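Taking the working numbering, the leading residue of the sequence shown gets 3, the next gets one more, and so forth. Here's the structure, in structure tokens; my notes come after.
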Amino acid sequence: MYIYLTRFLFEIANTYFYLALCFLGSLLLSSLINVMIFRSFFFFQTIEIAIVSALFGFLLYFFDLIRGLIRK
3 MYIYLTRFLF
13 EIANTYFYLA
23 LCFLGSLLLS
33 SLINVMIFRS
43 FFFFQTIEIA
53 IVSALFGFLL
63 YFFDLIRGLI
73 RK
């Protein structure tokens with residue numbers, strides 16, 4: 003039982019770490035796109051794009067996690 007609890011807590015920590023990586027990567031990518039296309043940096047638009055991209059990446063990771071748990 004402790005092994006399953008430890009594994010579950012590790013998966014939660016891994017999920018939040020992956021969400022943070024998705025957010026930072028999408029923040030960098032969206033700011034780069036804003037600078038390249040619009041020739042300026044719109045802070046709030048960049049944050050909105052980064053949040054949506056991070057949530058999309060998190061959903062992909064979450065579904066992959068569920069698929070992996072179903073296979074086991």
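We put the beta carbon where it would ideally sit given N, CA and C, even for glycine. These numbers were taken from a predicted model, which means no experiment stands behind them.
Expected contact under 8 angstroms - CB spacing of residue i and residue j to nearest Å
i, j, result
"cysteine 24", "glycine 59", "4 angstroms"
"serine 33", "alanine 56", "Going by Cβ atoms, the distance from serine 33 to alanine 56 rounds to 14 angstroms, so no, they are not a contact pair."
Straight-line gap, residue i to residue j (C-alpha atoms, nearest Å)
i, j, result
"arginine 73", "tyrosine 18", "22 angstroms"
"isoleucine 1", "isoleucine 68", "Missing from the structure shown is residue 1; the chain here goes from 3 to 74 and no further."
"glutamate 50", "phenylalanine 65", "23 angstroms"
"alanine 15", "leucine 30", "23 angstroms"
"leucine 21", "glutamate 13", "12 angstroms"
"phenylalanine 83", "leucine 61", "Outside the shown range of the chain (3 to 74) lies residue 83, about which nothing can therefore be said."
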